[in-house]
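Peer 1: Structure provided below as structure tokens; questions to follow.
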Amino acid sequence: MGGTRMSRLLNRAEAKRYLLDRSQILRPALGMKRVSDEAVQSLESRLRNMADDMIRRQPCMGRTIKP
Numbered sequence: 001m002g003g004t005r006m007s008r009l010l011n012r013a014e015a016k017r018y019l020l021d022r023s024q025i026l027r028p029a030l031g032m033k034r035v036s037d038e039a040v041q042s043l044e045s046r047l048r049n050m051a052d053d054m055i056r057r058q059p060c061m062g063r064t065i066k067p
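Under our numbering, the first residue of the sequence shown is numbered 1, with each subsequent residue one higher.
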């Protein structure tokens, strides 16, 4: 995007909290206590890619982005 800093799409604190909560449900034996910045950046990157893909799949008619 032209070298400018892109805005964040995720609330980082909520994303970290969600990951830790889900880790306790899905992998309780691991006892995860922290989330790396790289993990949150990876989620943000995947979200951006999913949004771009959704936009590319839109028909050439209409003004509303739909799944």
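Think of the CB as a built atom: it goes at the ideal place given N, C-alpha and C, for glycine as much as any other residue.
Could you please give the first and the last residue of the uninterrupted alpha helix (DSSP H) stretch that includes Ile25?
Peer 2: Arg12 to Leu26
Peer 1: Taking contact to mean 3 or more Cβ pairs, one atom from each stretch, closer than 8 Å, check whether the region 9 to 23 and the region 42 to 60 are in contact.
Peer 2: Yes, they touch.
Peer 1: Alpha carbons only, please: which of Leu20, Glu38 and Ala39 is nearest the one belonging to Gly31?
Peer 2: Leu20
Peer 1: Taking DSSP as the reference, what is the three-state secondary structure of Leu69?
Peer 2: The displayed coordinates of the chain run from 1 to 67. Any statement about residue 69 would go beyond what the structure contains.
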